[in-house]
Amino acid sequence: MSIPETLVGETPLVRLRRFEPRDGVEIYAKLESRNASGSVKDRAARAIVTAAEQAGALGSGRTLLDATSGNTGIAYAMIGAARGHRVRLCVPANITPERKRLLLAFGADLIFTDPADGTDGAIREARRLEAAAPHQYFYADQYGNPANWRAHFDTTGVEILAQTGGRVTHFVAGLGTSGTFVGTGRRLRAHDASTVLVSMQPESPLNGLEGLKHMPTALVPSIYDPSLADTNLTISTERAHSLIRRLARHEGLFVGPSSGAALAAASDVAADLRRGVVVTVFPDGGDRYASDRLWSEPDDGLEIVADVREQIDAHAAAAYPNECCGALIGRDARVETAMRLDNVSDEGQRRRFLVSPAAYRAAESEADASSRQLLGFYHSHPDHPARPSDFDLAHAWPNFSYVIVAVHSGCVVDLRSWRLRADRSRFDEEAVTPRSAVFNGSASCLFVS
C-alpha cells in the first residue's frame, strides 16, 4: 500500500450538539475531508483500483478512465500517481478551479465536457471513449462498479459502528454514485436490522449540490438500490449553502455544499425523534469550493471598475444588432477585467448568446494566470430590456453574476446584473456599483461607424 493510501479511512466522527433538537437525540457527522486526497471518494477509488489490479484489468499499460465531478477523479489521480497508473478523466468544464488544479497536480489527463450536461454528459463521453478503444482503457465506471459500495461496507459502516459503540439508530447520506449510502447502509443493517436508513438528494435536477444526483431525472447508477432506504428526503441548494456558512462561522467546520445538504437531512430526521443517534457523512471540505461565491451573501452586490464598464458598453454597442458576450474577471465581487468571448450560438445571434466549453476554460485560465476569479459573464440584449430571458435561464450556472446590457439602435441604455438561484428556478437582481449616468436616464450612446 502506498503512503497516501495509509491515510484513507478511520476519519473522525464529530458530534453536532448545536443542531440537536432535544436531550436524548444525538447528531454526528463523519468528516471525510480527513482522507488522504480530501474526500469520501478515496475509499471507493482505492477499492476500485485494487480490484482491477487483482483481476488484471488495469495491467498491460491500460489507462484508467472514468467520469467524475471531481472528487473521485482526484482520488483516482492520487492513487494512480502512487501506483504508476495513467489516469484519464471526463469532467464537466465548470467544476471548481480548486478541483481542476488538484487533478492536474496529480498528473491526470482531463477531457472537459459541456457544463450544461453535468456528470451525465461526462459519463456519456467516458462510455464513448471506452467503446472506441476498449483495449486502451480500463473503464472504472464508479457508477456501476460494485467495488464502490463494497468499500463502504468494509470500512465506513464498520467505523461508524465502532465510533458509536453500535448505538447508531439512523443513518443519513446523499445520493451521487450512491456507493456511500448503499454500502454503509447494508453494513449497518447487517449489524442491526432495525437501523433506519435515509437517503438524500437535491430537490431539483437543476441544483448547485455538486456530486449529488436528482435520481428521477439522472442517469441512475446501476449500483443504486432504491429498496434500501426507509425514507428519501429532498433538500434545496439554498438551505445547504446556508448551513455550510453557519458551520464555518459558528462551528469552525469548513465543508462543501453536499455536507450542508447532509446536515439538513440529518436535522430533519432528528426533529421527529424523541431518542436516537443520527449519523451522516460530510463528503468533503470547503477548500474545494473556496473560489465559489456561495460563501458570500447573495445581496453583497457587484462592483464594476469604471474603465471595465466602458469596455463592456463599447462591446455591446459594436456588436449591435447582434448579441455580444464576455467574461467578468476579478476579486471578491469586484470586476477588474472584461474578457471578450465569441458568441457561438447557431440559433441567431440577434437573439441568443452561447459560450463554448473551450471559451469557458479560456476565461478560467485567464483568471488563474493573475490569481483572480471568474466572477461571471456579460452579454447584450439588442432592442430588449436588461432582464434575463428564458434562454438565459436555461443556459446559466449558479454562483455567477450575469451582467446584461440593453442596447437600442446602437445606444447603450441600461445595465443590470443578475444572480441565478442555486435551484435554477429564477434570477435575482443584484446591486451594481458604481452607478453611472446611464441609470439616471441619460443613455450612453456609442454609435459605431
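Quick note on numbering: the sequence shown equals residues 1162 to 1610 in our numbering.
Backbone N, C-alpha and C define an ideal beta-carbon position, used for all residues, glycine too.
(1) State the Cα-Cα distance for the pair residue 1194 and residue 1268, rounded to the nearest angstrom.
(2) Rounded to the nearest angstrom, what separates residue 1343 and residue 1386 at their Cα positions?
(3) DSSP has residue 1487 in a bridge; who is on the other side?
(4) Excluding sequence positions up to five away, which residues of its chain have a Cβ less than 7 Å from the Cβ of residue 1239?
(5) Mind checking if residue 1360 is an interface residue toward chain B, Cβ cutoff 9 Å exclusive?
(6) Could you tell me the boundaries of the alpha helix (DSSP H) in which residue 1374 lies?
(7) Could you check whether residue 1356 and residue 1346 sit closer than 9 Å to each other, using their CB atoms as the reference points?
(8) Going by C-alpha distance, which of 1276, 1550, 1564 is nearest residue 1536?
(9) When we look at the beta-carbon of residue 1433 and count the other beta-carbons within 10 Å, is it buried (16 or more) or exposed?
(10) CA-CA distance, residue 1263 and residue 1570?
(11) Rounded to a whole number of angstroms, what is the C-alpha to C-alpha distance between residue 1476 and residue 1501?
(12) Start and end of the beta strand (DSSP E) containing residue 1566?
(13) According to DSSP, is residue 1496 part of a helix, a strand, or is it coil?
(14) Identify every run of the alpha helix (DSSP H) within the region 1372-1457, keeping only runs that are complete inside it and at least 4 residues long; order them along the chain.
(15) Here's the rule I'm using: 16 or more other beta-carbon atoms within 10 Å means buried, otherwise exposed. How should residue 1172 be labelled?
(16) What are the boundary residues of the alpha helix (DSSP H) that residue 1345 is part of?
(17) Taking contact to mean at least 3 C-beta pairs separated by less than 8 Å, is the region 1539-1546 in contact with the region 1296-1314?
(18) Just to confirm before moving on: does the CB-CB distance between residue 1230 and residue 1421 stay below 9 Å?
(19) Can you list, in chain order, the residues of its chain whose CB lies under 8 Å from that of residue 1518, leaving out five sequence neighbours each side?
(20) Ordered along the chain, which non-local residues of its own chain (more than five positions away) have a Cβ less than 8 Å from that of residue 1533?
(21) Near residue 1409, which residues of its chain fall below 6 Å by C-beta distance, leaving aside the five closest residues on each side in sequence?
(22) Would you kindly work out how many angstroms separate the C-alpha atoms of residue 1309 and residue 1341, rounded to a whole number?
(23) Per DSSP, residue 1579 is paired with what?
(24) Report all residues from its chain with a CB closer than 8 Å to the CB of residue 1601; omit the five preceding and five following residues, and keep chain order.
(25) Quick one: Cα of residue 1187 to Cα of residue 1404, how far?
(26) On the DSSP letters alone, give me the boundaries of the beta strand (DSSP E) that residue 1481 sits inside.
(27) State the CB to CB distance for the pair residue 1384 and residue 1425, rounded to an integer number of angstroms; the pair is presumed to be in contact (CB under 8 Å).
(28) Go ahead and label residue 1216 buried or exposed: buried means 16 or more other beta carbons lie within 10 angstroms of its beta carbon, across all protein chains shown.
(29) With the cut-off set at 9 Å, would you say residue 1593 and residue 1462 are in Cβ contact?
On the basis of the supplied data:
(1) Sequence index remark: in the sequence shown, residue 1194 carries index 33 (1-based). Sequence index remark: in the sequence shown, residue 1268 carries index 107 (1-based). Straight-line Cα distance between these residues: approximately 21 Å.
(2) Walking along the sequence shown from the start, residue 1343 turns up at place 182. Walking along the sequence shown from the start, residue 1386 turns up at place 225. Going from the Cα of residue 1343 to the Cα of residue 1386 covers about 7 Å.
(3) Start at 1 with the first residue of the sequence shown, and residue 1487 comes out as number 326. Per DSSP, 1501, 1539.
(4) On the sequence shown, residue 1239 is found 78 positions in, with the first residue counted as 1. Same-chain partners within the cutoff: 1165, 1197, 1198, 1267.
(5) Among the chains in the structure shown there is no chain B, since it carries only a single protein chain.
(6) Numbered from 1 along the sequence shown, position 213 holds the residue referred to as residue 1374. Looking at the DSSP string, residue 1374 is not in any alpha helix (DSSP H), and its letter there is neither H nor E.
(7) Position 185 of the sequence shown, counting from 1, holds the residue named residue 1346. Position 195 of the sequence shown, counting from 1, holds the residue named residue 1356. The Cβ-Cβ distance between residue 1346 and residue 1356 falls below 9 Å.
(8) Here residue 1536 is taken as the residue at index 375 of the sequence shown, counted from 1. The candidate whose alpha carbon is nearest that of residue 1536 is 1564.
(9) Here residue 1433 is taken as the residue at index 272 of the sequence shown, counted from 1. Taking all protein chains shown into account, residue 1433 has fewer than 16 neighbouring C-beta atoms within 10 Å of its C-beta and is therefore exposed.
(10) For the purposes of this step, residue 1263 is taken as the residue at position 102 of the sequence shown. For the purposes of this step, residue 1570 is taken as the residue at position 409 of the sequence shown. In a straight line, the C-alpha of residue 1263 is about 47 Å away from that of residue 1570.
(11) In the sequence shown, counting from the first residue as 1, residue 1476 sits at position 315. In the sequence shown, counting from the first residue as 1, residue 1501 sits at position 340. The alpha-carbon atoms of residue 1476 and residue 1501 are separated by roughly 8 Å.
(12) Your numbering for residue 1566 matches position 405 in the sequence shown. For residue 1566, the uninterrupted beta strand (DSSP E) run begins and ends at 1562-1569, by DSSP.
(13) Sequence index remark: in the sequence shown, residue 1496 carries index 335 (1-based). DSSP places residue 1496 in strand when its eight states are reduced to three.
(14) 1398-1407, 1418-1432
(15) On the sequence shown, position 11 is the one that residue 1172 refers to. That one is buried.
(16) Here residue 1345 refers to the residue found at position 184 when the sequence shown is read from its first residue. 1340-1352 is the extent of the alpha helix (DSSP H) around residue 1345.
(17) no
(18) By 1-based counting over the sequence shown, the position of residue 1230 is 69. By 1-based counting over the sequence shown, the position of residue 1421 is 260. No.
(19) Position 357 of the sequence shown, counted from the start, is the residue given in the question as residue 1518. Cβ within range, chain order: 1254, 1273, 1274, 1275, 1276.
(20) Indexing the sequence shown from 1 puts residue 1533 at position 372. Contacts found: 1490, 1491, 1492, 1497, 1498.
(21) As a position in the sequence shown, residue 1409 is number 248, starting the count at 1. Answer for residue 1409: 1415, listed in chain order.
(22) Here residue 1309 corresponds to residue number 148 of the sequence shown, with the count starting at 1. Here residue 1341 corresponds to residue number 180 of the sequence shown, with the count starting at 1. Approximately 8 Å between the Cα atoms of the pair.
(23) Looking up residue 1579 in the sequence shown gives position 418. Residue 1579 is bridged to 1563, 1590.
(24) In the sequence shown, the residue the question calls residue 1601 occupies position 440. Its pLDDT being 37, under 50, residue 1601 is placed unreliably in this model, and the value from its coordinates should be taken loosely. Excluding residues within five positions, none has a Cβ falling inside 8 Å.
(25) Against the sequence shown, residue 1187 aligns to sequence position 26. Against the sequence shown, residue 1404 aligns to sequence position 243. Computed Cα separation, rounded: 18 Å.
(26) By one-based count along the sequence shown, residue 1481 stands at place 320. Segment: none, residue 1481 is in no beta strand (DSSP E) and carries neither H nor E.
(27) Taking the sequence shown and counting its residues from 1, the one referred to as residue 1384 is at position 223. Taking the sequence shown and counting its residues from 1, the one referred to as residue 1425 is at position 264. Between residue 1425 and residue 1384 the Cβ distance is about 24 Å, and since that is not below 8 Å, they are no contact.
(28) As a first step, residue 1216 must be located in the sequence shown, where it is residue number 55. The residue is exposed, with fewer than 16 neighbouring Cβ atoms inside 10 Å.
(29) Taking the sequence shown and counting its residues from 1, one reaches residue 1593 at position 432. Taking the sequence shown and counting its residues from 1, one reaches residue 1462 at position 301. Cβ atoms of residue 1593 and residue 1462: closer than 9 Å.
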